[in-house]
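Quick note on numbering: the working numbering labels position 96 of the sequence shown as 352, and the sequence is numbered without any gaps.
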Amino acid sequence: VKTGLLREFTQPEDLKVATHLVNAIKSIKIRITESQPIDRAISSSGGISFKELDEKLMITKIPGVFASGEMLDWDAPTGGYLLTACLALGKSAANGTLEWLDK
Numbered sequence: 257v258k259t260g261l262l263r264e265f266t267q268p269e270d271l272k273v274a275t276h277l278v279n280a281i282k283s284i285k286i287r288i289t290e291s292q293p294i295d296r297a298i299s300s301s302g303g304i305s306f307k308e309l310d311e312k313l314m315i316t317k318i319p320g321v322f323a324s325g326e327m328l329d330w331d332a333p334t335g336g337y338l339l340t341a342c343l344a345l346g347k348s349a350a351n352g353t354l355e356w357l358d359k
């Protein structure tokens with residue numbers, strides 16, 4: 257879906273220059289025609305198992321690749337907790353990345 261949106265709403269040359277791509281993504285307007293019931297709006301399960309990660313959130317089978325947020329297999333209650341947890345996990349993964357790069 258993400259790739260389709262980029263192809264639909266950007267010019268091919270926009271994909272080659274990072275600043276053009278960022279501006280194109282930020283300016284995409286998506287028309288919402290209807291909403292879904294709350295049980296469909298909740299985050300879905302699935303993702304990378306915590307068993308596949310070290311304590312710094314690095315994927316043990318792919319050294320140097322870190323995972324966080326909704327990339328992980330975990331469920332969070334609705335009501336802002338998911339966003340808070342994603343930010344906290346992102347910070348942890350970023351710190352792990354910085355430590356790994358310093359080695």
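Quick reminder that beta carbons are idealized off the backbone N, C-alpha and C, glycines included. None of the values given here were measured: they were computed from a predicted structure.
- In the DSSP assignment, threonine 353 falls within the alpha helix (DSSP H) that extends over 337-358.
- For a cut-off of 8 Å, the C-beta gap from lysine 317 to glutamate 311 is around 15 Å, too long to register as a contact.
- In terms of Cα proximity to methionine 327, the closest of Leu357, Ser301, Ile288, Leu261 is Ser301.
- Of the candidates Asp331, Asp329, Asn351, Asn351 places its Cα closest to the Cα of glycine 320.
- Apart from the 5 residues on each side of it in sequence, isoleucine 315 sits with its Cβ closer than 8 Å to the Cβ of Ile304, Glu308, Leu309, Val321, Phe322, Ala323 in its chain, given in chain order.
- Distance between leucine 262 and phenylalanine 306, taken at the CA atoms: about 31 Å.
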